[in-house]
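One structure is given below, encoded as structure tokens.
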Amino acid sequence: MRHFLDFEKPIAELEGKIEELRRMSEPGGINIAEEVARLTDKADKQLRATYAKLTPWQKTQVARHPDRPRALDYIRGLIEDFTPLAGDRAFADDAAVPGGLGRFKGRAVVVLGTEKGADTESRVKHNFGMARPEGYRKARRLIALAGRFKLPVLSFVDTSGAFPGVEAEARGQAEAIARSIEACLDAPVPVVATIIGEGGSGGAIALAAGDQVLMLEHAIYSVISPEGCASILWRDAAQAATAAEALRLTAEDLRRLKLIDAIVPEPLGGAHRDREATIKAVGEAIERALVPLLSQDGAALRAHRRQKFLEMGREGG
Amino acid sequence: MSWLTEFVRPKIRTLFARREVPDNLWHQCPACQQMIFHRDMEANLKVCPHCAHHMRATAADRLAWSFDDGAFTRVELPKVPADPLRFRDSKRYSDRLREAREQTGLEDAIQVGHGRIGGRRAVVAAMEFAFIAASMGAAVGEGIVTAARLAVMQRAALVLYATSGGARMQEGMISLMQMPRTVIAAQMVKEAGLPYIVVLTDPTTGGVTASFAMLGDIHIAEPGAVIGFAGARVIEQTVREKLPEGFQRAEYLHEHGIVDMVVPRTALQATLARLLGLLMAADEPAAPLAA
Ligand SMILES: [Zn+2]
Chain A
0 MRHFLDFEKP IAELEGKIEE LRRMSEPGGI NIAEEVARLT DKADKQLRAT
50 YAKLTPWQKT QVARHPDRPR ALDYIRGLIE DFTPLAGDRA FADDAAVPGG
100 LGRFKGRAVV VLGTEKGADT ESRVKHNFGM ARPEGYRKAR RLIALAGRFK
150 LPVLSFVDTS GAFPGVEAEA RGQAEAIARS IEACLDAPVP VVATIIGEGG
200 SGGAIALAAG DQVLMLEHAI YSVISPEGCA SILWRDAAQA ATAAEALRLT
250 AEDLRRLKLI DAIVPEPLGG AHRDREATIK AVGEAIERAL VPLLSQDGAA
300 LRAHRRQKFL EMGREGG
Chain B
0 MSWLTEFVRP KIRTLFARRE VPDNLWHQCP ACQQMIFHRD MEANLKVCPH
50 CAHHMRATAA DRLAWSFDDG AFTRVELPKV PADPLRFRDS KRYSDRLREA
100 REQTGLEDAI QVGHGRIGGR RAVVAAMEFA FIAASMGAAV GEGIVTAARL
150 AVMQRAALVL YATSGGARMQ EGMISLMQMP RTVIAAQMVK EAGLPYIVVL
200 TDPTTGGVTA SFAMLGDIHI AEPGAVIGFA GARVIEQTVR EKLPEGFQRA
250 EYLHEHGIVD MVVPRTALQA TLARLLGLLM AADEPAAPLA A
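What follows is the structure in structure tokens.
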């Protein structure tokens, strides 16, 4: 069963009708092909029209779609010989931050991500993609490993944010995030980050302070969730759609503000409608972003990366 | 709201705020409720003489209290684009900025000065909570980058007084990008072999804590200061349990190894002077000062 979002209701109804007609037609063989074709065309147009002008709030829902490919899907789809590595060497392994060694298009890399989980069981296991300090410390450790062996770092970011918990604070959540950002900025190797779903604030930038930051067309990247922003600034969480608009959290907005480097187009109807094609497109975009970086030495990479972040937000307005 | 409150009051308030407070004024301590003579409170660095409660200090206070003999040169900070997203909630961000400027007399939530602490060259950057809860937007980020660059240029230590309610939401992702930008600032100072000391004051939360404020060579916290990443209310809602006694307070962070020391404000200048004396040679040759 496909999961439909609220604003996809008209599409859901059309697709339901098509499904019904198909089922009815099986034994009798009455001529419904024409009607099916007509409805399919209509559904297609509706889908195209809806997705051509998604509002920031609708994009937020698409970015959080339960069937959207997640970090481990990209790792499985794009990384050969994936060899997970575990732990921060101090406290624990954080399943919200899968990572390890592998091969991307034949080249050895370090890969990292924030993983939300696919079903109830795995969501609990991955803590819904909300990392704890040990997750960011593991990221830092793996980025340092990449630097030592001159391996590019690829990260896949999908998180509502860092985990807000008592233990997380006691173990230095803030320090862990700061050090992880620092590790990204310090890496003497290419760092390519992709925002694949939700890029939630500090928990996202911790793995995304890279040379190239890519973003899927319907992904969101924001300093605060629209709900959180609405409840603080509008004192009403129901104003989330308005907040989503105001925050400029879409890929298009962020590209215009020069805060991300490239947008990866999604299949019609969003990444969840064609996961394979999405994963393939992301792989190609990473390749395009990575190749020009490979010829630069560590010092040049660091200098350019710094320059890029230092220039952000200083012009325009 | 009448035109009078809307347009005239902020200006009157500005005049009043900038005027010297008369010496015979009394304050009430919010912790022990005792009355404190204004002059005593200022002499005691806004620490209650009865219960040692640390009241909120301004960025201007921090600069005045940090340097030897209170002598320093104020640093003018670069302008940044105002209201880049044309953000509007119940109020326009541009109006919020204008009001905050009128009320505080500052451009944004940070001030920077340079001078000497214990005889050593130091650049001090201090955040101002009265300015939109010292939330970090482009101006704060730029202030920190400027302070770091100045410290490197002068071969000076960087002392940073942190306080923040979190991100400047009205600047959206430009606000989030101040995290890597300020991390770079901290790196520049450290790479130059200069001390970077963070003084965490009440409250320091959110993106500020998760970037430059947790990367100091030495972390000092003021007694009782709330310091953390996530807000206590958010945590309570997430874990649905009562938070431990003293959670996210300076003493709790000290116990958990996140800050090096909890230092009362009245001992802070001496502590900074001692630390810089231990970390820096007495006669670091100064590079010629650029404008
Ligand atoms: Zn008192």
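Sequence order for the protein chains is A and B.
Using numbering that gives the first Met the number 0, the letters of the first sequence correspond one by one to residues 0 to 316.
Using numbering that gives the first Met the number 0, the letters of the second sequence correspond one by one to residues 0 to 290.
The beta carbon of each residue, even a glycine, is placed where N, CA and C say it ideally should be.
Keep in mind that this is a model prediction, so the values were computed, not measured.
(message) When you measure from the CB of residue 30(B) to every non-hydrogen atom of ligand 1, does any distance come out below 8 Å?
(response) Within the cutoff, so yes.
(message) Just to confirm before moving on: does the CB-CB distance between residue 186(B) and residue 181(A) stay below 9 Å?
(response) Inclusion of residue 186(B) and residue 181(A) in the CB contact set at 9 Å is warranted, their separation being smaller than that value.
(message) By the three-class DSSP mapping on this structure, what secondary structure does residue 18(B) have?
(response) In this prediction, residue 18(B) scores a pLDDT of 48, lower than 50, which makes its location untrustworthy; the coordinate-derived value is nonetheless stated afterwards. In the three-state DSSP reduction, residue 18(B) falls in the coil class, being neither helix nor strand.
(request) Check whether the segment 148-168 of chain B touches the segment 220-231 of chain A, taking contact to mean three or more Cβ pairs, one atom from each stretch, closer than 8 Å. (result) These segments touch.
(request) List the whole-angstrom C-beta distance separating residue 173(A) from residue 208(B), where the pair is believed to meet the contact cut-off of C-beta under 8 Å. (result) Going by Cβ atoms, the distance from residue 173(A) to residue 208(B) rounds to 4 Å, so yes, they are a contact pair.
(request) Return the CA-CA distance between residue 112(B) and residue 248(B), expressed in angstroms with no decimal places. (result) One alpha carbon belongs to residue 112(B), the other to residue 248(B), and they sit about 28 Å apart.
(message) Looking at residue 160(B): is its Cβ nearer than 9 Å to the Cβ of residue 126(B)?
(response) Note that the C-beta distance between residue 160(B) and residue 126(B) is below 9 Å.
(request) With DSSP as the reference, label residue 121(A) as helix, strand or coil. (result) Under the three-state reduction of DSSP output, residue 121(A) falls in the helix class.
(message) Whole angstroms are fine: how far does the CA of residue 6(A) sit from the CA of residue 60(A)?
(response) A direct Cα-to-Cα measurement between residue 60(A) and residue 6(A) gives close to 9 Å.
(request) Identify, in the order they occur along the chain, each residue of the same chain with its Cβ nearer than 7 Å to the Cβ of residue 70(B), setting aside the five sequence neighbours on each side. (result) So the qualifying residues of the chain are 114.
(message) Can you list, in chain order, the residues of its chain with a C-beta nearer than 7 Å to that of residue 79(B)? Leave out the 5 residues immediately preceding and following it.
(response) In chain order, 137, 138, 141 place their CB closer than 7 Å to the CB of residue 79(B), counting only its own chain and leaving out the 5 sequence neighbours on each side.
(request) Spell out the partners DSSP gives residue 83(A) in its beta bridges. (result) Beta-bridge pairing links residue 83(A) to 99(A).
(request) Please name the residue in 305(A), 109(A), 57(A), 72(A) whose C-alpha comes closest to that of residue 82(A). (result) Scanning 305(A), 109(A), 57(A), 72(A) for the CA closest to the CA of residue 82(A) turns up 109(A).
(message) Quick check: is any heavy atom of ligand 2 less than 8 Å from the C-beta of residue 37(B)?
(response) Ligand 2 is absent from the structure shown, which contains only ligand 1.
(request) Ignore the nearest five residues each way along the sequence and tell me which others in residue 99(B)'s own chain have a CB closer than 6 Å to its CB. (result) If we look at residue 99(B) and ignore the five residues flanking it on each side, its Cβ neighbours are 130, 131.
(message) Using a Cβ-Cβ cutoff of 8 Å, what residues of the segment 173-195 of chain A are near chain B? List them in chain order.
(response) Taking 8 Å as the Cβ-Cβ cut-off against chain B, the residues of the segment 173-195 of chain A that qualify are 173, 174, 176, 177, 178, 180, 181, 183, 184, 185.
(message) Restricting to runs no shorter than 3 residues, where is the beta strand (DSSP E) found entirely within the segment 195-245 of chain A?
(response) Here the runs fully enclosed are 211-215, 219-221.
(message) Below 8 Å, is the gap between the Cβ of residue 51(B) and the nearest heavy atom of ligand 1?
(response) For ligand 1, at least one heavy atom lies less than 8 Å from the Cβ of residue 51(B).
(request) Only counting runs of 3 or more residues, tell me where the beta strand (DSSP E) segments fall wholly within the segment 62-90 of chain B, in order along the chain. (result) The DSSP assignment places 71-73 as complete runs of the beta strand (DSSP E) inside the segment 62-90 of chain B, in order along the chain (cut-off: 3 residues).
(request) Check the C-beta distance from residue 204(A) over to residue 175(B) and give it rounded, since I have them as a contact under 8 Å. (result) Between residue 175(B) and residue 204(A) the Cβ distance is about 6 Å, and since that is below 8 Å, they are a contact.
(request) Examine chain B for any beta-carbon lying closer than 9 Å to the beta-carbon of residue 226(A), and answer yes or no. (result) Not closer than 9 Å to any Cβ of chain B, the Cβ of residue 226(A) fails to qualify, so no.
(request) Kindly indicate which residue of 264(A), 123(A), 271(A), 289(A) has the alpha-carbon position closest to the one of residue 280(A). (result) Measuring from the Cα of residue 280(A), the nearest candidate turns out to be 264(A).
(request) Return the chain-ordered list of same chain residues with a C-beta closer than 6 Å to the C-beta of residue 272(A), the five sequence neighbours on each side being excluded. (result) Cβ contact annotation for residue 272(A) (same chain, cutoff 6 Å, sequence separation greater than five): 266, in chain order.
(request) Would you mind reading off the limits of the alpha helix (DSSP H) that contains residue 291(A)? (result) Per DSSP, residue 291(A) belongs to the alpha helix (DSSP H) from 274-293.
(request) Please confirm whether residue 38(A) and residue 53(A) have their CB atoms less than 9 Å apart. (result) Inclusion of residue 38(A) and residue 53(A) in the CB contact set at 9 Å is not warranted, their separation being larger than that value.
(message) Please report the distance separating the alpha-carbon of residue 243(B) from that of residue 149(B).
(response) The C-alpha of residue 149(B) is placed about 41 Å away from the C-alpha of residue 243(B).
(request) Look at residue 256(A) and residue 312(A) and say whether their C-beta atoms are less than 9 Å apart. (result) By the CB criterion at 9 Å, residue 256(A) and residue 312(A) fall inside the cutoff.
(request) Pull out every residue of the segment 28-47 of chain B whose Cβ sits closer than 9 Å to any Cβ of chain A, in chain order. (result) Flagged: no residues at all.
(request) On a CA-only basis, which of 146(A), 215(A), 244(A), 261(A) is nearest residue 300(A)? Give me that one, please. (result) Per the Cα distances, 146(A).
(message) Can you tell me where the beta strand (DSSP E) holding residue 93(B) begins and where it ends?
(response) It is not in any beta strand (DSSP E) - residue 93(B) instead sits in the alpha helix (DSSP H) that spans 92-103.
(request) Could you confirm whether any beta carbon from chain B is found closer than 9 Å to the beta carbon of residue 316(A)? (result) Its pLDDT being 42, under 50, residue 316(A) is placed unreliably by the model, and nothing is read from it.
(request) Answer with buried or exposed for residue 5(B), where buried requires no fewer than 16 other C-beta atoms within 10 angstroms of its C-beta. (result) Its pLDDT being 34, under 50, residue 5(B) is placed unreliably by the model, and the measurement read from it follows with that caveat. Residue 5(B) should be labelled exposed.
(message) Counting C-beta neighbours from all protein chains within 10 Å, is the total for residue 149(A) 16 or more, i.e. buried, or is it exposed?
(response) That one is exposed.
(request) Could you tell me the distance, in whole angstroms, from the CA atom of residue 314(A) to the CA atom of residue 121(B)? (result) Looking at the two C-alpha atoms, the distance is approximately 30 Å.
(message) For a quick check, are the C-beta atoms of residue 133(A) and residue 70(A) less than 9 Å apart?
(response) With a cutoff of 9 Å on beta-carbon distance, residue 133(A) and residue 70(A) are scored as not near each other.
(message) Does any residue of chain B have a CB that is nearer than 9 Å to the CB of residue 223(A)?
(response) Output row for residue 223(A): interface = yes.
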